[in-house]
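One structure below.
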Amino acid sequence: MEIRSDFLIIGSGVAGLSFALKVAPFGHVALVTKKEVMESNTNLAQGGIASVFGKLDSFELHVADTLEAGDGLCNREVVEMVVRNGPSMIRQLLDLGVVFNVEENSLADNGVPDFDLGREGGHSRNRIVHAQDMTGREVEESLVHHIRNHKNISLFEDHIAIDLITLSTRMKRGFITTTHEDSCCGAYVLDRKTNQIKTFHAKITLLATGGAGKVYLYTSNPDIATGDGISMAYRAGATLANMEFVQFHPTCLYHPQAKNFLISEALRGEGGILVDAAGNRFMEKYDPKKDLACRDVVARAIDSELKRTGADCVFLAISHKPHAFIKDRFPYLYEKCLSFGIDMTRDPIPVVPAAHYMCGGVVTDLFGRTDIRGLYAVGECACTGLHGANRLASNSLLEALVYADKAASSAIREIAERDFVPSTLIPPWDDVGTTDSDEAIMVSHNWDEIRRCMWNYVGIVRSDKRLARANRRIENIQHEIREYYWNFKVEPDLIELRNLAMAAELIIQCALLRKESRGLHYNIAYPHRDDAHWQKDTVIRRPFKG
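So, in structure tokens, the structure goes:
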């Protein structure tokens with residue numbers, strides 16, 4: 002079955018949804034998302050969107066904070082562009098009906114009220130525009146409302162992309178060979194409900210698939226974050242960079258019944274403090290900014306404290322603040338913690354670090370274009386140069402909004418110059434000789450082994466020995482997956498396992514290449530930053546196979 006559209010969007014977070022709404026007036030849009038449209042990392046984002054609105058703030062200060070967090074690897078041109086476009090993106094969200102917290106008795110100035118600006122680690126000023134403590138959900142719901150009511154957008158929920166289609170695609174059970182000068186013309190997609198594989202044929206394809214947090218045993222990400230876009234782009238021949246820079250959020254709830262539950266950095270921005278089991282503060286030992294240090298510093302500090310003391314967790318305390326303030330500022334967190342028997346107005350919250358955000362990904366230019374013609378990437382799956390070696394808190398939604406806007410403007414121009422590739426040049430999906438799977442245990446076992454291997458050997462603190470050990474294990478798993486993939490019909494779990502293994506391999510390969518410690522990558526064999534040799538991106542590309 003072939004489905005034609007001018008624009009194909011894979012992923013339904015803020016980046017994909019924003020892009021869809023901006024290009025829809027100029028052509029038909031097919032929006033593919035592998036579960037329900039609301040299931041995305043955006044929907045879980047608690048903190049907010051970093052943007053300059055405060056009277057004591059400035060673009061220069063926001064740029065400086067971003068560059069400092071990025072530890073010498075940010076692209077300054079990109080940082081300037083993203084930061085300066087922030088306020089206009091917030092105004093566009095207001096026009097779409099997004100409701101942010103504002104100061105009491107605030108009067109709108111040119112349509113923009115005085116926001117109740119929060120503060121998070123690494124920021125020198127209050128600049129986090131937020132909607133209580135569930136900003137992502139507020140933004141996502143507004144965008145989805147407009148998506149569902151747009152006549153030019155067709156939404157395909159429960160559809161999981163398998164591989165990109167390029168002009169040089171040669172299919173044999175999903176294996177793609179590609180030249181390094183190529184053009185994307187769509188994707189093969191599995192309908193999860195019917196098990197039918199559909200060929201989505203498009204002039205412009207956008208990857209907005211999010212990150213790969215599920216490659217780790219403990220993560221703040223939802224189950225969908227399996228590195229799909231990153232892995233598909235790599236298999237298609239796109240250039241990737243900086244995959245070693247995986248951000249671990251310092252504070253995820255430590256509780257046997259809590260799965261993937263993040264405790265927002267905004268708590269520390271509002272005065273929350275990190276303490277050990279005895280109630281002693283410890284962050285002053287690691288950074289002058291104490292509890293408001295950047296995430297890489299705080300995550301390593303907590304990891305160090307846990308290893309030093311043998312404790313299972315540390316604690317985040319905010320009970321010294323007025324009870325009414327806590328309940329009003331963090332209603333979602335308050336109720337969620339209470340459901341686990343933790344009253345954050347009285348009790349410290351047990352927390353541990355968990356994998357949170359990919360700072361690397363598919364390399365793009367200032368307009369979200371990859372080095373494969375017709376293929377764009379935005380959001381967490383992209384490597385734009387904004388985050389460098391460590392993302393500044395709440396710059397992720399900002400980046401997604403700005404790059405969706407820039408990518409849309411470029412795609413609208415490009416669509417006028419591109420025609421549909423003749424269907425005769427797009428090979429049909431080939432599953433000749435395959436059978437239904439009878440070894441589901443292979444998928445579940447390898448899924449678990451990958452995540453444990455990555456957590457134990459490629460986590461917050463790394464070493465050459467650990468990385469080499471992880472590399473050997475992932476190589477063996479990859480061999481098993483390839484053999485299995487060629488013999489059985491594809492199904493969602495197998496697609497995700499294939500992508501998860503590829504993402505793990507890419508993270509390990511980049512980590513092995515970087516012989517220094519910088520930002521989110523800390524290797525005990527090279528404990529210092531080496532600007533003379535490593536103030537550059539770690540670039541990786543699939544070898545050409547003719």
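Numbering (this note's numbering), first residue to last: 2 to 547. Beta carbons are placed, not taken as given, at the ideal position from N, Cα and C, and that holds for glycine.
- Around the beta carbon of His324, fewer than 16 other beta carbons sit within 10 angstroms, so the residue counts as exposed.
- At least 9 Å separates the beta-carbon of Gly14 from that of Ser395.
- By alpha-carbon distance to Leu275, the top candidate from Ala31, Lys290, Pro493 is Lys290.
- DSSP links Arg282 through a beta bridge to Val276.
- Asp432 has its alpha-carbon roughly 43 Å from the corresponding atom of Asn76.
- In the three-state DSSP reduction, Pro88 falls in the helix class (H, G or I).
- In the structure shown, Val540 falls within a strand segment according to DSSP collapsed to helix, strand and coil.
- Judged by their CB atoms, Gly187 and Gly12 are not nearer to each other than the 9 Å cut-off.
- In the three-state reduction of the DSSP assignment, Thr371 falls in the coil class, being assigned neither a helical nor a strand state.
- For Trp487, the number of other beta carbons within 10 angstroms of its own is below 16, and it is reported as exposed.
- With distances taken between CA atoms, Val53 lies nearest to Ile91 out of Asp465, Leu68, Ile91.
- Thr310 is classed as exposed because its beta carbon has fewer than 16 other beta carbons within 10 Å across all chains shown.
- The beta carbon of Glu381 sits closer than 6 Å to the beta carbons of Gly211, Gly212, Met359 from its chain, once the five residues preceding and following it are set aside; these are given in chain order.
- Judged by DSSP secondary structure, Thr34 falls outside any beta strand (DSSP E); it is assigned neither H nor E.
- Residue nearest to Met455 within the set Pro26, Ile478, Arg120, Leu376 is Ile478 (criterion: CA-CA distance).
- Put simply, of Lys328, Phe246, Leu208, Ile343 the residue whose alpha carbon is nearest the alpha carbon of Pro257 is Ile343.
- Going by C-alpha positions, Leu495 is about 43 Å away from Asp288.
- Nearest C-alpha to Leu393 among Asp117, Asp372, Ile129, Arg138: Ile129.
- If you compare the alpha carbons of Phe157, Glu69, Glu81 with that of Glu37, the shortest gap goes to Phe157.
- Annotation for Met443: the continuous alpha helix (DSSP H) segment containing it runs 441-458.
- DSSP places Ser59 outside both helix and strand once states are collapsed to three, so it counts as coil.
- Beyond the five residues adjoining it in sequence on each side, Asp183 comes within less than 8 Å, by CB distance, of Thr167, Leu168, Ser169, Ala237, Gly238, Ile373, Arg374 in the same chain, given in chain order.
- In this structure, the CA atom of Leu387 is about 24 Å from the CA atom of Leu95.
- Shortest Cα-Cα distance from Ala390 to any of Leu521, Leu22, Lys308 involves Leu521.
- Within the same chain, Cβ atoms closer than 7 Å to the Cβ of Asn127 are found at Gly55, Leu118, Gly119, Arg120, the five residues on either side in sequence being excluded.
- For the stretch 188-245, the full-length alpha helix (DSSP H) segments reaching 4 residues or more read 229-237 along the chain.
- Counting along the chain, the unbroken alpha helix (DSSP H) around Thr310 starts and ends at 296-310.
- At a Cβ-Cβ threshold of 9 Å, Ala504 and Val216 count as neighbours.
- In this structure Ile509 is not in contact with Ala209, their Cβ atoms being roughly 25 Å apart against a cut-off of 8 Å.
- Taking Gln197 as the centre and dropping the five residues before and after it, the same chain places the C-beta of Met2, Leu191 closer than 8 Å to its C-beta, in chain order.
- In this structure, DSSP gives Met2 a state outside helix and strand, which the three-state scheme calls coil.
- Selection Glu266, Ala278, Glu306 evaluated against Asp292 yields Glu266 as nearest (Cα-Cα).
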